[in-house]
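J.: Using our numbering, the first residue of the sequence shown is number 846, and each one after it goes up by one. No residue lacks a Cβ here, since even glycine has one placed at the ideal position from N, Cα and C. Given the structure is predicted, the values throughout are model-derived calculations rather than measurements.
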Amino acid sequence: MVVPCSLPRVFKLLWFRADRVAPRGRVDAALRLERGYSVADIGAGSGLFSRALARTIDPGLLYAVDIDPELLKHIDGTCKAERIPNIRTVPAAPEDPKIPDKVDLIFLCDTLHHIAGPDKYLTKLPAYLKPGGRVAVIDFRENWPPGHEAMKFTAEQLQSWMAAAGFKKVEDLSIPKNAFFHIYAPKNSSGSEFRL
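#1: Using alpha carbons as the reference points, say which of T923, T999, K1014, G892 lies closest to A981.
#2: Taking 8 Å as the cut-off, does the region 902–914 touch the region 999–1016 (at least 3 CB pairs, one atom from each stretch)?
#3: Suppose only complete runs of 4+ residues qualify. What are the alpha helix (DSSP H) ranges in the region 909–949, listed by chain order?
#4: What would DSSP say about A972, mapped onto helix, strand or coil?
#5: Would the region 870–887 count as touching the region 939–952 if we require 3 or more Cβ pairs under 8 Å?
#6: Taking one C-beta from the region 921–938 and one from the region 956–971 each time, how about it: are there three or more such pairs within less than 8 Å?
#7: Near D941, which residues of its chain fall below 6 Å by C-beta distance, leaving aside the five closest residues on each side in sequence?
#8: For Y1029, does the three-state DSSP call read helix, strand or coil?
#9: Using the beta-carbon count (16 or more within 10 Å), is D1017 buried or exposed?
#10: At the level of alpha carbons, what is the spacing between D921 and L1003?
#11: Determine which residues share a DSSP beta bridge with A981 and list them.
#12: Which residue marks the beginning of the alpha helix (DSSP H) containing A885, and which one marks its end?
#13: To the nearest angstrom, how far is the alpha carbon of A1030 from that of V872?
#14: Since I believe L953 is in contact with G892 (beta carbons under 8 Å), could you give me their beta-carbon distance rounded to a whole number of angstroms?
#15: Buried or exposed for G962, going by 16 or more other Cβ atoms inside 10 Å?
#16: May I ask which residues mark the beginning and end of the beta strand (DSSP E) holding L1018?
#17: So, R979 versus I1028, is the Cβ gap smaller than 7 Å?
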């Protein structure tokens, strides 16, 4: 995800607000993560969710994945200042997250609409999941921010893309008021191994 450094100050302030899409604490609780889990935060941006999730899973590893080197540098600096030892920043390619290892959860919040060809991108995710792993997607349902009109997609489109990528929806949460929060698992999973 790329956020130009030349954005007006008001947009920078919004970008660094965790609640701009979903309330951090409620999302963290809904994911039911445990210590020792591994998570990839794709489109980590400024690292707001990365830091919160890393604290929950410590000593598990969180990969903060983004295509913007400046944002990854910001995350590294913030983690050092806040003494969060279990975050590794990962420079991604626009078409592949390049997660270095398999994880228990892939988390995409306010990210998928920024990806060109999201249907193809999602087909890469099964290779990065451990058995019993999940994918959580939070994105706008309505009230899309200005400048995002061309990026809009519906929950139905997401469902179609995820099914084509080999996933089934296992949870539909209604935590954000104007966004959807869906959790997916590989179709070939029986359900008994889900780490929910």
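T.: In short:
#1: For the purposes of this step, residue 981 is taken as the residue at position 136 of the sequence shown. The residue with the shortest Cα to Cα distance from A981 is K1014.
#2: no
#3: Here the runs fully enclosed are 914–927.
#4: Stepping through the sequence shown from its first residue, residue 972 is reached at position 127. DSSP places A972 in helix when its eight states are reduced to three.
#5: yes
#6: The answer is no - the region 956–971 does not touch the region 921–938, with fewer than three Cβ pairs under 8 Å.
#7: Walking along the sequence shown from the start, residue 941 turns up at place 96. Cβ within range, chain order: K969.
#8: One-based indexing of the sequence shown puts residue 1029 at position 184. Residue state for Y1029 is assigned as strand, using DSSP reduced to three classes.
#9: Along the sequence shown, read from residue 1 onward, the residue named residue 1017 stands at position 172. Looking at its Cβ environment, which holds fewer than 16 other Cβ atoms inside 10 Å, D1017 is exposed.
#10: The count along the sequence shown starts at 1 and reaches residue 921 at position 76. The count along the sequence shown starts at 1 and reaches residue 1003 at position 158. About 31 Å.
#11: The residue given as residue 981 occupies position 136 in the sequence shown. According to DSSP, A981 bridges with F952, I1028.
#12: What you label residue 885 is simply residue 40 of the sequence shown in a count that begins at 1. Segment 884–887 is the beta strand (DSSP E) holding A885; no alpha helix (DSSP H) there.
#13: Residue numbering aside, residue 1030 sits at position 185 when the sequence shown is read from its first letter. Residue numbering aside, residue 872 sits at position 27 when the sequence shown is read from its first letter. Straight-line spacing of the CA atoms in A1030 and V872 works out to 18 Å.
#14: Taking the first residue of the sequence shown as position 1, residue 892 is located at position 47. Taking the first residue of the sequence shown as position 1, residue 953 is located at position 108. Incorrect: roughly 15 Å between the Cβ atoms, too far for contact.
#15: Stepping through the sequence shown from its first residue, residue 962 is reached at position 117. By the neighbour-count rule (16 or more Cβ atoms within 10 Å), G962 is not buried but exposed.
#16: Working through the sequence shown from its first residue, we reach residue 1018 at position 173. Segment 1012–1018, the beta strand (DSSP E) holding L1018.
#17: Your numbering for residue 979 matches position 134 in the sequence shown. Your numbering for residue 1028 matches position 183 in the sequence shown. Taking 7 Å as the Cβ cut-off, R979 and I1028 qualify as a contacting pair.
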